[in-house]
Structures are given as C-alpha cells and as structure tokens.
Amino acid sequence: MSTTSGLIDSSNTPGSGGQTQALQELPLPEPVSYLPHTIGWLLVALVLAVLFALTLGALWRRRQKQRYRRLALSELRDLEARLSDPAQRAAALAAIPALLKRTALASQPRERVAALSGENWLAFLQRTRGHFDAASGALLTQLSYADAQHLAAVSPTASASLVSHARDWIEHHHVEV
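Here the numbering used here is used: the first residue of the sequence shown is 67, the next is one more, and so on.
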C-alpha cells in the first residue's frame with residue numbers, strides 16, 4: 067500500500083509491526099509529596115500548632131471559670147419551674163436570694179460578699195451590673211427573711227420580674243477587682 071508520493075507508509079501504520087513495536091510507554095514521575103521540604107514550613111506548622119493548643123487551653127480555662135454561671139442558671143430554671151406549682155412556690159421564692167448569694171460567693175472574694183445584706187447587698191448587685199428595679203430589689207431583700215404567708219402573697223408578675231432580673235445578673239455580672 068505504498069504510494070509513490072510517500073504520504074502513506076505501511077510500515078508506520080499501527081498494527082503493521084514496524085517501528086511502533088519498539089516504542090515503550092514512558093514511565094511517570096514519582097508523585098509530588100505534599101510535605102514541606104524546607105525547615106521554614108515546618109516551623110510555621112509548629113507555631114500554628116502551638117497557637118492552636120494555646121487557644122484551646124484558654125477556651126477550656128474560660129469555660130471552667132464560667133461553670134458556676136451555668137450551674138446557677140440551671141438552678142434558676144428549676145426554681146422558675148417550681149414557681150408555677152402552688153405547693154412549691156414559697157420554697158422556690160425563698161431560694162432565689164440564696165442562689166444569688168451563692169453565685170456571688172463563687173465569683174467574688176468571700177470577705178467582700180458574705181456579710182452583705184439589705185441595701186448593701188442591693189448596692190453590690192447594682193455595682194456588678196444588676197438591673198434590679200425598686201420593686202424587685204425590695205422583694206429580693208424581703209424574700210430572705212419572709213414567712214410562708216408573705217411568700218404566698220407575692221404576685222406571679224412580681225416573681226417573674228424577680229426571676230428575669232436574677233437571670234440577667236447571673237448571665238452578665240462582672241467580677242470586681
């Protein structure tokens with residue numbers, strides 16, 4: 067099948083057994099490694115790993131330091147649920163001032179908080195970001211020493227307001243230095 071012009075050569079066509087049989091498949095190069103080949107990249111990776119570990123450590127310490135808030139909020143939710151039950155209402159109301167005091171003792175030096183009562187206690191709550199209005203503040207000071215009859219007379223609106231103010235203080239109070 068050779069032509070005189072030399073355009074088609076049967077020895078070069080595939081399957082003819084000519085020169086194409088001598089061709090071999092080219093070997094592929096080794097895959098490129100993703101590992102850095104210089105010490106600089108290893109140092110960057112090491113610095114990033116240390117920064118990541120320090121950040122995780124700081125977040126863990128912050129979470130542990132704020133644990134008392136989560137526990138206090140959980141207890142406040144329980145007290146709020148007990149307020150709807152008439153049989154447990156008086157005990158739940160009486161427990162709110164004690165919860166606030168325990169929360170303050172967990173976050174502040176004992177000698178600053180333990181002896182506070184009445185107006186001094188309310189002033190402390192206001193200084194540490196408390197937003198107790200006059201009615202809630204007065205109710206808070208009365209609940210600590212009120213008898214069961216007085217506790218039963220507290221309106222649901224007043225108790226809901228007190229719980230709201232207590233929650234706000236627990237979530238947002240700051241530690242005095």
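Even for Gly, the Cβ is constructed at its ideal location relative to N, Cα and C. Since the model is a prediction, treat every value here as computed from it, not as a measurement.
Just the Cα atoms here: how many angstroms apart are Tyr134 and Leu114?
32 Å
Within 7 Å, strictly: CB atoms of Leu171 and Val179:
yes
Count Cβ pairs between the segment 124 to 143 and the segment 187 to 203 that sit closer than 8 Å; are there 3 or more?
No: the two stretches stay apart, fewer than three of their Cβ pairs being nearer than 8 Å.
Proximity to Glu237 [Cα-Cα], best of Ala189, Gly106 and Thr194
Thr194
Per DSSP, what kind of secondary structure is Val229 in: helix, strand or coil?
Here Val229 sits in helix by DSSP.
Label Pro97 either buried or exposed according to how many other C-beta atoms from any shown protein chain fall within 10 Å of its C-beta, with 16 as the threshold for buried.
exposed
Using the three-state DSSP reduction, which class does Glu141 fall into: helix, strand or coil?
Three-state result, Glu141: helix.
Helix, strand or coil at Ser68 according to DSSP, with G and I counted as helix
The pLDDT assigned to Ser68 is 49, lower than 50, so where the model puts this residue is not dependable; a value taken from the coordinates is nonetheless given after this. Here Ser68 sits in coil by DSSP.
Looking at Leu205 and Ala156, is the spacing between their C-beta atoms short of 7 Å?
No, they are not a contact pair.
Buried or exposed by the 16-neighbour rule on C-beta atoms within 10 Å, applied to Trp235:
buried
When we look at the beta-carbon of Ser221 and count the other beta-carbons within 10 Å, is it buried (16 or more) or exposed?
Ser221 comes out exposed.
Rounded to the nearest angstrom, how far is the Cβ of Thr207 from that of Leu188, given a contact under 8 Å?
7 Å
Around the Cβ of Val116, are there at least 16 other Cβ atoms within 10 angstroms (buried) or fewer (exposed)?
exposed
Are Leu209 and Ala147 close, meaning C-beta to C-beta below 7 Å?
no
Ignore the nearest five residues each way along the sequence and tell me which others in Pro102's own chain have a CB closer than 7 Å to its CB.
Leu108
Cβ-Cβ separation, Ser227 to Leu149 (assumed contact under 8 Å), whole Å:
12 Å between Cβ atoms; not a contact.
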